[in-house]
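Read left to right, the sequence shown gives residues 0 to 176 (numbering that gives the first Met the number 0). Before any comments, here is the structure.
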Amino acid sequence: MKKYIILILAIISMIYVFTSVKAEDTIIPDEAIRFRVIANSNTIYDQNIKVQLKNVVQNKIFELTKGTETIEETRKILKDNIDLLDNLTKETLKNLGYDKNYKINYGYNYFPKKKYKSVTYKEGMYESLVITLGTGEGDNWWCVLFPPLCLVEADESTTSDAEYTFFIKEIIDKYTK
């Protein structure tokens, strides 16, 4: 009887695995606006500057876009406030004692292929607000502004591998010992 239960569970698991969403499927819709901050380098100092700037600019963007319901609304707000965001970036970097140059760009920008939490995001040109600090050779942080998925952070410097266990294997181990 135990063998039949194990066999049935194994078959159900295989059906689930082959019919479920693949890890390569993205959770970001085609119509999205991203926000990305690229550090000058991977030194602790440059990464710290990136995070502090990201926090300030992201908070301002959330304040500006709060309550928007369409991509068009979000796009218009970002375009209308690009100078405000540029000045905020300049002032924040000055207050942090950061003396390297930076670039801020709203438009279609290149994003490399990225794997995060078992989801692969394809490389390509995406509508986005990008702030590049210095030479832009450091790790970056990015999120999706619209739809507002910024709760799912994509910070290369803080991602870690998760430990996965398999339910069926645990059951088999439990009943075969």
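Think of the CB as a built atom: it goes at the ideal place given N, C-alpha and C, for glycine as much as any other residue.
Run through DSSP, which three-state label would E126 get?
strand
Checklist entry - Residue range of the alpha helix (DSSP H) that Y44 falls in? => result 43–64
Proximity winner among L52, K78, K49, V50, relative to L63 (alpha-carbon distances):
K78
- Could you say if the stretch 68–85 and the stretch 39–49 meet the contact criterion of at least three C-beta pairs nearer than 8 Å? no
Practice prompt. Please work out which residues of its chain come closer than 7 Å, Cβ to Cβ, to E122, disregarding the five sequence neighbours upstream and downstream, and give them in chain order.
Written response: Result list for E122: F110, P111, K112, in chain order.
ask   = When the Cα atoms are used, what is the spatial distance from E152 to W140?
value = With a pLDDT of only 44 at E152, under 50, the local geometry of the prediction cannot be trusted, and the value read off the model is given with reservation. Taking the straight line joining both Cα atoms gives about 8 Å.
message = Output needed for G133: all residues of its chain with C-beta closer than 6 Å, excluding positions within five of it in sequence on either side, in chain order.
response = N39, K99
| Grouping DSSP H, G and I as helix and E and B as strand, with all else coil, what is D160? | Here D160 scores only 36 on pLDDT, less than 50, and its place in the model should not be relied on; the value that follows carries that caveat. It is coil, neither helix nor strand.
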